Every structure is written in structure tokens, then in C-alpha cells.
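Novice:
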Amino acid sequence: MRKILGLIPIIIFILIWQLVARAANSELFPSFTEVIKEAIYLTKDGILFKNFLASLFRVLIGFSLGATMGILVGTIMGFNRYINSTLSPIISIIYPIPALGWLPILMLWIGINEMLPITIVFICSFFPICYNTSYGIESVDKNYIYVAQSLGASKMMTLWKVVFPLALGNIFVGLRLEAGMAWRVIIAAEMIAIPTGIGALMMRAESLVRMDVIIVCLLVLSVMTFLFERFFLYLEKKTRPWNP
Amino acid sequence: MIDIKSLSNFILKDIDLSIKKGELFVLLGPNGAGKTTILNAITGFCDYKGNIYIDGKSIENIPIKERGIGYVFQDLYLFPHMKVYENIAFGLKINKKTYKTRVDKLIRLLNLERLVDRYPYNLSGGEKQKVALARALAIDPKIILMDEPLNKLDYNTANYIRDEFKKIQRTTGITTIYVTHDYLEARILADRIAVLKDGKIEQIGEKEDIFYYPKTGFVAKFVGINNIFEGNIIEYNNKIAKFLIKNSKIVINIKIDSDFSYRESSLLCIHPEKISLNREPKEDNHFLLSKIIYIKDRGPLLDIKVHIKELDFDIILAKAAFSLENRYVCFSSNVPYLIQTT
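First to last, the sequence lines map onto chains A and B. The numbering of the first sequence is my numbering, which starts it at 1 and goes up by one. The numbering of the second sequence is my numbering, which starts it at 1 and goes up by one.
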């Protein structure tokens, strides 16, 4: 019932969009049905799928590397105060720089190739996930560590069996937020510097004043962001069944 | 078994304790007295000066994980991501290849069979308590430390778990230090008791000594002797001393066998359960009460506060022995107990 209630505003929004677009009768304001028709055409033609795959590949590789490294470094930082003290200042300096801020430097260093968007997504994912993981590990109640140690657990066993599972909540918050952010960043990077992908398709559509194509691309972005975030929510529920 | 010498830190002040093998030793005291800090020092969770020996060996250089101490924390800290079985087996998985037999034995001992596949969030307070105890016992510790483990349980569950624990402690003979602020709990469980106040030991001894012969006013008050009066002995004849309570005209007869320097100011303690209410004056000490201030119903017992001349007295009576017609507060001269304050 609650899900059906959530659909009502979407249906009303589409209806208003359709009516206003019909009334405006302008290329700059395509109707919902025109956008759907264009989406079907772009899918059949293979253009949408090709560009979508290019973006998806970059997000998956960049995000996987960023998340893995972020969790690894964040875990070590959270569990070892000496490493934390060593790495914290440099991470605090680099973390606030927006991922797209690196684009000009990386274009000169890496050049315009597949590595560029992957590196941007990596940077976008690594720092927040590292930060959230480190915070999550540090936030675990020290008494759980005392209990594990008094029961004979080594430091590694305490980290792996007790601290890391208890920090999963915070780690997943980082993963969820950054999974969506990776899509937003890749689209922006492709719009500025990369000739393929959903972002690049949007820029080409803009130059041809194809508002319907732009909206199709935005819908793809919206759906992918939603799906990625939902995937991590699902994964969290599966890996944290103890969390009622 | 456990010898603590001159233990000091930010809370503790020069603590000396010696706990025998197989003993159930209770640390009793109010919040902030340093009870938990002693447990943390033994386990290695806090810094301290002084020495702690287990079986004659200093534990200073023994890593926490090798000390063989089972610790049941006040808030239990069951691992929320592990089911009951995994929680109990946690210490064993690390140390032994075959742990199943031991875990199964503990599960049977504590009647946890139907709970093994549950996560801690799905357990009641009493069940969590039993799992925490099983987890601490699973590693076959030399010593078990329990930090106010029952204080969040309801009365009946706490009674049940306490009895179960005492049975297990007696069966296994495991040396136990049990922390509580509840003197009734200490009375039920302890072989010996140390009463702590502000990081210092006020008194240490057999539980009967603590409850019937407290050495300080604080201990007397803490173990439930509410009738404590300041004053001094004004006369001593035939082993009977007359004690005048300060700021009153009430004189209490006290039987004193040994020599007593009766000029000194003292505290007089009268156990509330050793006072009776009678229709006629009886015993060496009897006073007509002027009014009953309150009567609290405690099941088979009554807590009664009465007013006699200038003073209030607490009395604990069996319900069957109470009648409103009984107006005389009576107690034998053997009952009052003196604590010298100077």
C-alpha cells in the first residue's frame, strides 16, 4: 500500500509534464511520450546501450578500486592510531577537493583515455569511503575489543571477527552514498572531457538541441544511481542480519 | 590465588587483597568506589601502580589474551553480529580445534538449547546474562570476574540467575570476583567481602563479620544497619555499659565482655531485624514508641520506622509478628554493637 502511495506523485508529475509539453508545443520541451519514443529508438539503435556500457564500465572499475582501497586504508587507519596520525593530515587536506577539480591535472598527466574517468571515479569513491570506514572502525565500542581480548583473541582476530563486522553499518553508509555519487561524477567528467558515455551523449544532444535525448540520458542516470544505492542497501541487509 | 599488592591508580588508593582459590569474593561498594577498576586492572584494561599476582606469578608481562580470565561485563557486550552459539564458542574457536563438546556442555548446563540460533537482540535480559556467563566459562578460565551482571534484570530473573551462578561456581570451584553495590546480593553470594569507598578498602572479611561487626559507620550504613547513633558510654558495671545517644536522653544498655575505654565517643549500631515490637516491656532495652512513621510491605517482611522520644528507629519484622497494639520497642543488650570513632 505504501509503495502504491509513493507512485501517485510520480504519476501526477508525468501527467502534468505531458499536458504542459503538449500546450507548449516546443522542441525545447518534449512531452513524456516523445521522450519514451526516443528512448526506445536509442535503445533499438544501440546508441544508448553503447554509451551506457562505456559509463557503466568506468563506474564499476573506478568505484570497485576506490571502495576496496578506501575500506582497506580506512580499516587500517581506524584500528591503528599511529597510522591514523600519520595519514590523517594528508587525507584531511585532499578529501575536501571535489573529484572534478582533479580533472585538469589528470588530463595533463594521464591524457584523454579510459584511465581518466576511471581515475576520477576512484578519487571520488576512495576518500569518503576511507573516511567513513575509519570512523566506523574507531566508533566500535572499546568494550567489545576488551571482551574479545579477554577471551583470547589476537589483534587480527579482534579486527576481523569483531571490529570490522561492527563497523559495517558506517562502511555501508559510505558505499551507498558514493555509489550514487560515482554516477554523477562520471556523467560530469564525460560531459567535459571524454568523447564516449552517457555524459558525452548528452553533450552531443545539447549541440543538436535534442532535448528528448538529454532527458533520456538524465533518466538513465537517475535509474542507475537509484539501482546502485538500492544494491548496497540490499547488500547491507544481507551482510548485517543481526541488525533488526 | 590472586594477590593484589599496593594497587593504585587514578581511582584506587593502595589496595591490598588476597583471594583464595575457589573462593567467591565480593567487592561491595557504592558507584565510583573503584570496584570495576580493580577488575579492569586484573584483566589488564587499565594502567596501575602496584603488583597483581595470579598463582604466585606477576601478571604484568602476561598479555591480556593469555591471562585466562573470564570477564562478564556490566553491560554484557555480547557480540551482536554472532548468534548465541558463536558467542559462546568465540574464545574456543581461537584456542582449540575441538570446541563443540565444551560449548554443548555449557549450553546444557545453562539451559540455552532453544536459543543457540538466535542473535542477541532476540534474547531477554536473563537469557543474555546466561549467554555472557557461558561465553566467559567456555574458555575454562582460572578466574571469573563479574561486574554487577544482574543489576538490569527484574527481581525474579536476577534471583534465578544468581542461584544458578552460585550453583555453577560451587560445582566448578572457579575462583570468582563478583562486583555489586547491593548488600543483599553480596550476602547471598559471598564467601568473603571487601567493602570499598573512594578507592580504598573500608573493611575486608567473612560476610558475617561484615554484616554483624562492621568496623566503620560507612560499612554499617552500607550493609543496611540504619540505626546508627553517635554518643558515648557514661557508665560501665558488670559488663553492661550504658550508652547515651548524643543530643538525646536515650540511654541504651550494651553487654560488653572485653575491656572498653568507655570515655571515647563511639557509634552505636542496632540491626533493624534484631529489634522486636511487644505489647509489654521486655529485654534489657525497651522504649515506648511515640508514633509509627511508616510501614513498608516487603512481602513476608515489614520495614517499619518508629519514633521514640527524639529519635527514629528502623525495624524489620516478620508480618505475622506485627500488631498495632505492640507499642514497646525492645532489644537485648547483646544486640547493640559499638564502633569506636576516635
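Quick reminder that beta carbons are idealized off the backbone N, C-alpha and C, glycines included. If you're wondering where the values come from, they're calculated on a predicted model, not measured in any experiment.
Would a check of beta-carbon distances place K246/B closer than 7 Å to chain A?
Specialist: no
Novice: List the residues that DSSP assigns as beta-bridge partners of R192/B.
Specialist: F25/B, E206/B
Novice: For the region 81-100 of chain A and the region 156-167 of chain A, state whether three or more C-beta atom pairs, one from each stretch, are separated by less than 8 Å.
Specialist: With the cut-off at 8 Å, the region 81-100 of chain A and the region 156-167 of chain A do not touch.
Novice: Within the same chain, show all residues whose beta-carbon is closer than 7 Å to that of E206/A, passing over the 5 residues directly before and after it, in chain order.
Specialist: I214
Novice: Does the distance from the C-beta atom of N278/B to that of C330/B stay below 7 Å?
Specialist: Contact annotation: N278/B and C330/B have beta-carbon atoms nearer than 7 Å.
Novice: Which chain A residues sit within Cβ distance under 7 Å of K65/B?
Specialist: Q149, G152, A153, S154
Novice: So, at 7 Å on beta carbons, what are the nonlocal neighbours of I293/B in its own chain, with the 5 sequence-adjacent residues on each side left out?
Specialist: K305, V306, H307, D312
Novice: Would you please verify whether the beta carbon of N143/A is less than 7 Å from any beta carbon of chain B?
Specialist: yes
Novice: Whole angstroms are fine: how far does the CA of T157/B sit from the CA of I234/B?
Specialist: 50 Å
Novice: Near V73/A, what residues of its chain come up, given a Cβ to Cβ distance below 6 Å and the 5 sequence neighbours on each side ignored?
Specialist: C130
Novice: If we ignore side chains and look at the alpha-carbon of each, how far apart do S150/A and G34/B end up?
Specialist: In this structure, the CA atom of S150/A is about 20 Å from the CA atom of G34/B.
Novice: Is the Cβ of W160/A closer than 7 Å to any Cβ of chain B?
Specialist: no
Novice: When you compare the CB positions of A182/A and V59/A, do they come within less than 7 Å of one another, or not?
Specialist: The answer is yes: Cβ separation under 7 Å.
Novice: If you pair each beta-carbon of the region 198-212 of chain B with each one of the region 3-18 of chain B, do three or more pairs fall below 8 Å?
Specialist: yes
Novice: For Y146/A, would you say it is in contact with chain B, using Cβ-to-Cβ distances shorter than 7 Å as the test?
Specialist: yes
Novice: Tell me whether Q129/B is buried or exposed, calling it buried when 16 or more other Cβ atoms sit within 10 Å of its Cβ.
Specialist: buried
Novice: Give me, in chain order, the residues of the same chain whose beta-carbon lies closer than 7 Å to that of L175/A; leave out the 5 immediate sequence neighbours on both sides.
Specialist: Counting only Cβ-Cβ distances below 7 Å, and skipping sequence neighbours, we find A67, I129, F232.
Novice: Between the alpha carbons of L116/A and F127/A, how many angstroms are there, rounded?
Specialist: Straight through space, the alpha carbons of F127/A and L116/A are spaced by roughly 17 Å.
Novice: Under a Cβ-count criterion, where at least 16 other Cβ atoms within 10 Å of its own Cβ denotes burial, should E185/B be classed as buried or exposed?
Specialist: buried
Novice: So which residues of chain B does L166/A contact, with C-beta pairs closer than 9 Å?
Specialist: F79, P80, H81
Novice: Mind checking if Y71/B is an interface residue toward chain A, Cβ cutoff 7 Å exclusive?
Specialist: yes
Novice: Compare the C-alpha of Y119/B against each of Y85/B, Y236/B, R170/B, L137/B and name the closest.
Specialist: Of the candidates Y85/B, Y236/B, R170/B, L137/B, the one whose C-alpha sits nearest the C-alpha of Y119/B is Y85/B.
Novice: Using a 10 Å radius around the Cβ and a threshold of 16 neighbouring Cβ atoms, would you call M211/A buried or exposed?
Specialist: buried
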